[in-house]
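So that you can map any letter, position 180 of the sequence shown is 180 in full-length UniProt numbering, and since no number is skipped, the others follow by simple counting. Think of the CB as a built atom: it goes at the ideal place given N, C-alpha and C, for glycine as much as any other residue. A quick note: this is a predicted structure, and the numbers were derived from the prediction, not measured. Let me begin by presenting the structure, written as structure tokens, before commenting on it.
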Amino acid sequence: MPTTSLDNIHSDVIQTQIFPRLDARSLSTVATISSYLHTLTSDQNLWSHICNYTWPSITDPRVHAIISTFPDGHRSFFNDSFPSLITQVNHHNSSCCNLDKAIDHPCPSQLISAVDIRYQSNNVYSTVEFTDITTDHFLSSNLLIKLNQDVDAISTPIELEVDEFGVNEATLAHLKHSLTLSWIMIDPSLKRACNLSSVKPFSVKKDWMSNDTHIRYDIVLPGCGRHEVVQCRIQVVLGVGGKGLYVREVMMKVMDLDCGGVKGGEFLMILQRAIMGEDDNVRRKVVDDDGERWRSMLEFKEMKRQRREMTKKEQDKWDIDIIMNYIGILVSFCFTIYFLQC
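Now the structure itself:
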């Protein structure tokens with residue numbers, strides 16, 4: 001019985017009938033099978049379609065124009081943005097990006113955030129935020145990017161049965177497995193991007209005062225000092241209204257091991273190193289295992305605990321030294337009075 005190889009199938013059939021039916025991950029795998037398929041998967045229209053479907057926010061004409069300047073257009077953007085950033089926290093030992101040193105990379109005038117939230121397979125929130133990073137306020141203040149657009153205009157309700165008192169425990173567990181978020185940070189000067197979200201929530205909690213639902217997406221990145229790591233935290237607030245839940249607020253901030261905010265200038269250097277893959281402890285990887293996804297966060301929490309204990313010991317030692325000094329002064333004073341009276 002004669003066999004048919006891929007070479008016998010017309011390229012138009014593969015590109016129009018087969019490739020469009022594949023998801024992004026499968027298409028990336030197909031591209032590695034042979035040089036013939038790799039060539040066919042280089043079609044920019046194909047990757048543009050995949051990227052626009054995966055991240056509807058990038059259909060913004062301004063973002064589309066920037067992605068077109070990437071080395072391989074939408075394919076480069078996909079390869080940058082689809083994998084998660086995984087940091088090997090315990091092996092972080094040599095990275096250091098001192099702010100006093102000159103930045104090797106060109107400094108952009110703005111950073112672009114392309115944010116998409118999906119409930120199961122349905123997109124419920126998409127927006128693009130342009131952040132001016134040339135101001136002294138950005139460079140010297142703690143980083144906080146809050147998406148300021150009209151949420152009602154860009155958010156679709158999440159149709160779940162909730163009452164005026166918010167979600168129950170079962171719904172919280174359901175959201176933890178069903179609500180994914182992508183926050184792609186684009187550096188126009190580097191023509192590169194990366195996804196700063198854990199994709200799946202790290203925690204889902206109910207605020208009993210407001211009945212809102214607070215959802216966190218966290219990743220860990222190397223910090224600006226040797227042996228330092230930082231936590232990139234994205235928080236989504238879901239409110240109750242209409243047919244169920246709706247996205248009320250989305251923001252991102254970056255914190256160090258002491259829970260202090262990372263300044264915009266520091267974040268820019270951290271981001272550029274992550275985007276360019278200049279730290280051996282950070283790698284891009286498509287992660288399916290939640291255990292691997294959260295390992296770096298759990299290690300980060302352990303480092304925070306150790307830092308608190310060390311700080312407490314140092315403070316206790318300092319307090320004891322002060323007390324002993326006061327005791328010494330008091331004893332010296334008493335001896336002085338005693339000898340004067342003699």
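Remark: C-beta atoms of K205 and T213 approach each other more closely than 9 Å. With distances taken between CA atoms, D132 lies nearest to Q110 out of N142, V124, K146, Q110. When Cβ pairs closer than 8 Å are counted between the two stretches, the region 244-251 is seen not to touch the region 291-299, the count staying below three. As the crow flies, the alpha-carbon of C232 is around 37 Å from that of L40.
L190 is positioned such that its CB atom lies no closer than 9 Å to that of I117. The beta carbons of I154 and E129 sit no closer together than 9 Å. For the pair of segments examined, the region 217-226 was found not to touch the region 168-178: the number of CB pairs separated by less than 8 Å stays below three. Residue pairing by DSSP puts D218 in a beta bridge opposite R233. Under a 10 Å Cβ-count criterion, C51 is classified as buried, with 16 or more other Cβ atoms of the shown protein chains found around its own Cβ. Within the region 42-125, the runs of beta strand (DSSP E) at least 3 residues long that lie entirely inside it are, in chain order, 84-87, 110-119. Taking a contact as a CB-CB distance under 8 Å, the pair L175 and Y217 does not count as one, their CB atoms being some 12 Å apart. Secondary-structure assignment with DSSP links I158 through a beta bridge to L245. Counting along the chain, the unbroken beta strand (DSSP E) around K205 starts and ends at 203-206. Taking all protein chains shown into account, P61 has fewer than 16 neighbouring C-beta atoms within 10 Å of its C-beta and is therefore exposed.
Straight-line measurement puts the Cα of A114 at about 8 Å from the Cα of S126. Inter-residue distance for D207 and W55 is about 29 Å (C-alpha atoms, whole angstroms). In the three-state reduction of the DSSP assignment, K253 falls in the strand class, which pools E and B.
Counted as a single uninterrupted DSSP element, the stretch harbouring D258 is not any alpha helix (DSSP H), since DSSP gives it neither H nor E. Residues K200 of the same chain have their beta carbon placed closer than 8 Å to that of H177, with the five preceding and five following residues left out of the count.
With distances taken between CA atoms, D256 lies nearest to V229 out of L271, V229, L147, S76. Excluding its 5 nearest sequence neighbours in each direction, L160 has C-beta neighbours in its own chain below 7 Å: T171, G244, L245, listed in chain order.
Residue pairing by DSSP puts C194 in a beta bridge opposite M185. Taking the Cα of W183 as reference, the smallest distance to any Cα among I234, G166, F202 is reached at I234.
Note that the C-beta distance between P71 and R284 is not below 9 Å. Cβ neighbours of N123 within its own chain (closer than 8 Å, five residues either side excluded): P56, D116, I117, T156. The DSSP-derived three-state label of L238 is strand. Here the C-alpha atom of T336 lies approximately 34 Å from the C-alpha atom of K313. In this structure, the alpha-carbon of Y53 lies about 58 Å from that of W318. Counting the other Cβ atoms within 10 Å of the Cβ of G264 gives 16 or more, which makes it buried. In the DSSP assignment, L40 falls within the unbroken alpha helix (DSSP H) covering 35-40. Apart from the 5 residues on each side of it in sequence, T134 sits with its Cβ closer than 6 Å to the Cβ of S109 in its chain, given in chain order.
G166 and Y119 have their C-alpha atoms roughly 17 Å apart. Note on geometry: alpha-carbon atoms of N195 and G328 lie some 58 Å from one another. For K176, the uninterrupted alpha helix (DSSP H) run begins and ends at 169-178, by DSSP.
Residue state for D319 is assigned as helix, using DSSP reduced to three classes.
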